[in-house]
Ligand SMILES: Cc1ncc(COP(=O)(O)O)c(C=O)c1O
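Numbering (our numbering), first residue to last: 37 to 453.
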């Protein structure tokens, strides 16, 4: 008798973790690997936040399931300003990473999940774990991978009597683009009573420094998902947040009960340190981080489009989608996006992820690159001394990025069909 549940028998580890493990294995064998697969922030956690963690290392008690009150207060204040809506500590849940909180929200909600394609790697497997039905909403490169309001309207009309949860993520992983036309998307969502998780984990890394959110148009139906992982380089600290509007308090309450039976609360020292992250002014650190990421994004976009890849210029975060179909003909060896990334990894040690991990048809030769293979601490120090960041800066501060992109260009020119 099969002891593992039917829907979990063939579940794989997260795609990003798998590419990381393979890259590490090849590295151990002595290969040089350009790590454009895993998307973790290269920047150090700001010093004052680390010091706060050290000061609070002795804090040992279990904390409130929703999160430490002082922390929730400052999170509510931060999001009230950024999201242009009034939130209090009662609207906030703090959890061990936004990934876990998004999963628990999916678990609670009745009905189906609506996912734009492409979408971040974990939303779909999370739905599969709990046997939640997914409806993919196709987006196009021509439209910068934005979900068109009409597409949402069509699917909502088709599934009228079902509760619908939509996840939107901007700046986007995998495309690096920032969602346009949020106003009309909000009108359609409101009309069909769609509940939205607005995944804003990269919002502070919008290269323009602006904070754009669906809550500016549809606060009553939007749950904001965010945390410390991307803007302050603290992915391994595991602190994520959800902000619920009063109208969705019934979901927050249920999540709180489930949290009390599962993770209990985020590590106490981390929560005390996070208060600092939400109260001090980190605009210098953020401006420099954005400037560096924008400089790399421009370089990577220009170099790869020059050799014939179809890409959309990243606008925030640290990702870009690369369409190889104009330069590489599908063959026995390269029949889909997975075999394409495996061949490139084996040939030149350049690691990236196949588009199929993000819900893109596997026959489409699209890959996702993350441009974070550099020493963020050193890059921040160097960037402080330059008013304009140029290719010379990249050659010193981000040599792995420059060398990796050169290798990829060389591989493309050699394999050009
Ligand atoms: C789009 C997106 N959402 C959520 C997460 C999860 O972040 P965390 O669980 O560290 O808060 C990630 C991490 O890579 C991400 O890229």
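Beta carbons: idealized from backbone N, C-alpha and C, even for Gly.
query, result
"DSSP on residue 379, reduced to helix/strand/coil?", "helix"
"Can you give me the C-alpha to C-alpha distance between residue 200 and residue 120, rounded to a whole angstrom?", "25 angstroms"
"By the 10 Å Cβ neighbour count, where 16 or more other Cβ atoms means buried, how is residue 265 classified, buried or exposed?", "buried"
"The beta strand (DSSP E) spanning residue 331 covers which residue range?", "Unbroken run through residue 331 is the alpha helix (DSSP H), 319–342; no beta strand (DSSP E)."
"Under 6 angstroms: does the beta carbon of residue 56 sit that close to some heavy atom of ligand 1?", "no"
"Runs of 3 residues minimum, wholly inside the segment 114–167: which ones carry the beta strand (DSSP E) assignment?", "128–131 and 148–153"
"Spatial neighbours of residue 89 within its chain, please: CB distance less than 6 angstroms, with the 5 preceding and 5 following residues excluded, ordered by chain position.", "305 and 309"
"Expressed to the nearest angstrom, what Euclidean distance is found between the alpha-carbon atoms of residue 243 and residue 451?", "34 angstroms"
"Which ranges does the alpha helix (DSSP H) cover as unbroken runs of at least 4 residues, wholly within the segment 369–431, from first to last along the chain?", "373–384 and 412–420"
"Of all the options 104, 179 and 75, which has the alpha carbon lying nearest to the alpha carbon of residue 302?", "104"
"Below 8 angstroms, how does it come out for the segment 361–380 and the segment 413–431: are there three or more Cβ pairs, yes or no?", "no"
"Let's see if you can read the secondary structure: which residues bound the beta strand (DSSP E) around residue 233?", "231–235"
"For residue 359, does the three-state DSSP call read helix, strand or coil?", "strand"
"Just reading off the beta strand (DSSP E) that residue 276 is part of, what are its end residues?", "276–279"
"Flag this pair as yes or no: are the beta carbons of residue 373 and residue 403 separated by less than 7 angstroms?", "yes"
"Within 10 angstroms of its Cβ, does residue 37 collect 16 or more other Cβ (buried), or is it exposed?", "exposed"
"Going by the CB atoms, is the gap between residue 261 and residue 235 shorter than 7 angstroms?", "yes"
"Please state whether the Cβ-Cβ distance between residue 278 and residue 396 is less than 7 angstroms.", "no"
"Is the separation between the beta-carbon of residue 291 and that of residue 140 shorter than 7 angstroms?", "yes"
"Where does residue 252 fall in DSSP's three states?", "helix"
"Could you check the C-alpha separation between residue 153 and residue 92 for me, to the nearest Å?", "42 angstroms"
"Just curious, the alpha helix (DSSP H) that residue 315 is in, first and last residue?", "304–315"
"Might you give, ordered along the chain, the residues of its own chain that have their beta carbon closer than 6 angstroms to the beta carbon of residue 230, omitting 5 neighbours on each side?", "200 and 202"
"Do residue 147 and residue 198 have their C-beta atoms within less than 7 angstroms of each other?", "yes"
"How is residue 202 classed by DSSP in three states: helix, strand or coil?", "strand"
"Touching or not, the segment 401–421 and the segment 357–366, by the rule of three or more beta carbon pairs under 8 angstroms?", "yes"
"Which residues share a DSSP beta bridge with residue 1?", "Residue 1 cannot be examined here, being either before or after the span of the chain that is shown, 37 to 453."
"What are the boundary residues of the beta strand (DSSP E) that residue 77 is part of?", "It is not in any beta strand (DSSP E) - residue 77 carries neither H nor E in the DSSP assignment."
"Comparing C-alpha positions only, which one of 411, 414, 219 and 181 sits nearest to residue 348?", "181"
"Measure from the alpha carbon of residue 285 to the alpha carbon of each residue in 446, 55, 127 and 98, then state which is nearest.", "127"
"What is the DSSP secondary structure of residue 41, counted as helix, strand or coil?", "coil"
"Using only the heavy atoms of ligand 1, determine whether one of them is closer than 6 angstroms to the beta carbon of residue 205.", "yes"
"Drop a sphere of 10 angstroms on the beta-carbon of residue 131, count the other beta-carbons inside from all chains shown, and report buried for 16 or more, exposed for fewer.", "buried"
"For residue 315, I'd like the list of residues in its chain whose CB is within less than 6 angstroms of its CB, leaving aside the five on either flank, ordered along the chain.", "110"
"Closer than 6 angstroms by C-beta to residue 133: which residues in its own chain qualify, once you throw out the five before and the five after it? Chain order, please.", "274 and 276"
"Could you tell me the boundaries of the alpha helix (DSSP H) in which residue 263 lies?", "No alpha helix (DSSP H) contains residue 263, which is instead part of the beta strand (DSSP E) from 258–263."
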